[in-house]
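Scroll down for the structure; my scribbles are underneath it.
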Amino acid sequence: MSITLLSSPLQGFTDFRFRNAFDHYFGGIDTFYAPYIKMNGKLVIKNNYQRDLDPANNQVSKLIPQVMTNNPDEFLFALNYVKSLGYTELNWNLGCPYPMVTKQGMGSGMICQPQKIDEVLHKAHTESDLTISMKMRMGYDEPTEILETFKTLAKYPLKNIAIHARIGKQLYKGGVDLDAFEKCLEQSPHKLYYNGDITSVEAFRKIQKRFPVLDHFMIGRGLISDPFLPSMIKNDSIEYPENRWQIFKEFHDTIYQQYDEALSGPTPIKMKMLGFWEYFSQSFDDPRKVYKAIKKNGSPRNYRATVNEIFAKQR
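Counted the way the working numbering counts, the sequence shown spans residues 732 to 1046.
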């Protein structure tokens, strides 16, 4: 069975600059999902979302926009907006676990509200012909919440449901619940994609062996921690290319230059790259030491020197 790999969007990380560079240097991802659009009660698409979804800024072969909302009018507005850009699908985020989102009754905080989900999907399918897919957790408090929601989702021709096999209140702590995910497979009326803790080829193989019927897999944090992972999964190999660190360094330098040009001043670029290095450091021999070295650098000049030194040691 051939597999399809998808990038799970991470707000603040996987924008068009990252996606383009990732696709160019590493490959392995068949479909990228853009970080969610959020409107906060106003039917306006912010400039940063517009830039991220502008087809002129995106060089990947397939990109699917995503929206975060619990409002039927906002959802329809987002549908019409992405359609105007030429997209044919919109993904609805019912997976975000962060309290600032869930306390507003959105993301994974909405899974236990099937009536509201019904209102959104009814309006969307009545007033738009755009394809809709979903990204969910299994609940916020309990992994059984999603099973009740399936009864509502069964009314609509959703393309697929990508499920992160955790509950919202876990955030990213603790392990994935594969037994609960298996119940989702047994009861879902729609095609399911798997998401959660695919951080190595070995981890992927275990998931694939446990669920042989699956052919679509989402990779989120693991994709940033080890950018070679998708291509290695596709090749069913645990061997890195001989020029691994050269490729990684060129990728880093590309996104660093682009973010440096887009952001104002040394502090924003420092914080941006520090966020990436929380993940990048996991690829190195001593992650804590690498991250600490990056964190203590104040000036861009010192940062670049430290990065050069880190990669040189790996080579």
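Built from N, CA and C at the ideal position, the CB exists for glycine as well.
Where Asn824 falls: helix, strand or coil (DSSP): Asn824 falls in the strand class under three-state DSSP.
Cβ contact (3+ pairs, closer than 8 Å) linking the segment 947-965 and the segment 737-749: Judged by Cβ distances under 8 Å, the segment 947-965 makes contact with the segment 737-749, as three or more pairs qualify.
Boundaries of the beta strand (DSSP E) in which Lys866 is found, first to last residue: Its beta strand (DSSP E) spans residues Thr862 to Arg868.
Cross-strand partners of Thr762 (DSSP beta bridge): The partner list for Thr762 (beta bridge, DSSP) reads Leu737.
C-beta atoms of Gly927 and Ala896 nearer than 9 Å: The answer is yes: Cβ separation under 9 Å.
Contact between the segment 749-764 and the segment 976-988 (3+ Cβ pairs under 8 Å): By the criterion of at least three beta-carbon pairs nearer than 8 Å, the segment 749-764 is in contact with the segment 976-988.
Beta-carbon proximity list for Phe763, same chain, < 6 Å, skipping 5 on both sides: Short of 6 Å from the beta carbon of Phe763, and not among the five residues preceding or following it, lie these beta carbons of its own chain, in chain order: Ser738, Arg750, Val791 and Leu794.
Distance between Gly840 and Lys847 (C-alpha atoms, nearest Å): Answer to the nearest angstrom: the Cα atoms are 11 Å apart.
DSSP state of Ile969 mapped onto helix, strand, coil: In this structure, Ile969 counts as coil in the three-state DSSP scheme.
Distance between beta carbons of Tyr1022 and Ser956, contact taken as under 8 Å: The Cβ separation is near 12 Å, so there is no contact.
Euclidean distance between Cα positions of Asp804 and Glu973: C-alpha separation (whole angstroms): 52 Å.
Boundaries of the alpha helix (DSSP H) in which Ala934 is found, first to last residue: Start and end: Val932 to Arg941.
His895 - partner residues in DSSP beta bridges: When DSSP reads this structure, His895 sits in a beta bridge with Arg868 and Asn926.
Of the residues Lys1003, Arg868 and Ser931, the one placed nearest Ala893, counting alpha carbons only: Closest by C-alpha distance to Ala893, out of Lys1003, Arg868 and Ser931, is Arg868.
C-beta contact flag for Met770 and Phe808 at 9 Å: Contact flag set, yes.
Simplified DSSP state of His947, which is helix, strand or coil: Here His947 sits in strand by DSSP.
Burial state of Ala911, where buried means 16 or more other Cβ atoms lie within 10 Å: Buried is the call here.
Span of the alpha helix (DSSP H) around Val791: Segment: none, Val791 is in no alpha helix (DSSP H) and carries neither H nor E.
Through-space distance from His921 to Val851, alpha-carbon basis: If you take the alpha carbons of Val851 and His921, they lie about 18 Å apart.
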